[in-house]
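The structure appears right after this line, and notes come after that.
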Amino acid sequence: MATRNPLQAERGLQKALVARVTGRIALAVLAMGAIAYSTARFIEAYGLWRERRWAEWFAVVAGGLYIPIELYELVRRVTWIRFGLLAINVAIVVYLARVLWRTRGPAAHE
């Protein structure tokens, strides 16, 4: 007759509890990330709607934030699609920055 170890039952309970808490923490982190992302996009949209200069630069920076991620993905696995998307994104960010720089300069005030 096999005897059951009470400590093993506790370990199973601990594993279940840790898995549940970890799952909830991951969900909370994802939710906070989604809230932060949507807030940043709302601020950008509001500024662009009100034709604010800072919002134009905010849009350039926001577009440029994806470049490191695209570079990482390209290094991980080189494909023509990834290379093309990176090239397009860099071209758009550079174009927007040049237009903003030429129209009012970097230190223009509202």
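Basically the working numbering = 1-based index in the sequence shown + 45. C-beta atoms are modelled at their ideal positions from N, C-alpha and C, and glycine is treated no differently.
For L131, which residues from the same chain have a beta carbon less than 8 angstroms from its beta carbon, with the 5 sequence-adjacent residues on both sides left out? On the sequence shown, residue 131 is found 86 positions in, with the first residue counted as 1. Within the same chain, L131 has close Cβ partners I112, E115, L116, L119.
Are there 16 or more other CB atoms within 10 angstroms of the CB of E96, so buried, or fewer, so exposed? For the purposes of this step, residue 96 is taken as residue 51 along the sequence shown, with counting starting at 1. Exposed, because fewer than 16 other Cβ atoms sit within 10 Å of the Cβ of E96.
If you check the beta carbons only, do G92 and I137 fall under 8 angstroms apart? Here the question's residue 92 lines up with position 47 in the sequence shown. Here the question's residue 137 lines up with position 92 in the sequence shown. No, the Cβ-Cβ distance between G92 and I137 is not below 8 angstroms.
Three-state secondary structure assigned by DSSP to T124: Your numbering for residue 124 matches position 79 in the sequence shown. T124 falls in the coil class under three-state DSSP.
Candidates R86, F128, M77, of which the one nearest V106 by Cα: Along the sequence shown, one-based indexing puts residue 106 at 61. Per the Cα distances, R86.
Which of the three DSSP states is assigned to E96 in this structure? Along the sequence shown, one-based indexing puts residue 96 at 51. Note: E96 maps to coil in three-state DSSP.
Cα-Cα separation, A104 to A81: On the sequence shown, residue 104 is found 59 positions in, with the first residue counted as 1. On the sequence shown, residue 81 is found 36 positions in, with the first residue counted as 1. Cα-Cα distance, rounded: 15 angstroms.
Quick one: grab the DSSP three-state call for Y82. For the purposes of this step, residue 82 is taken as the residue at position 37 of the sequence shown. Residue state, collapsed to three classes: helix.
Could you tell me the alpha carbon to alpha carbon distance between W125 and A76, rounded to whole angstroms? Position 80 of the sequence shown, counted from the start, is the residue given in the question as residue 125. Position 31 of the sequence shown, counted from the start, is the residue given in the question as residue 76. Near 33 angstroms, if we compare the C-alpha coordinates of A76 and W125.
Give the secondary structure of E155 by DSSP, where H, G and I count as helix, E and B as strand, and everything else as coil. Looking up residue 155 in the sequence shown gives position 110. The pLDDT assigned to E155 is 49, lower than 50, so where the model puts this residue is not dependable, and the model offers no usable value.
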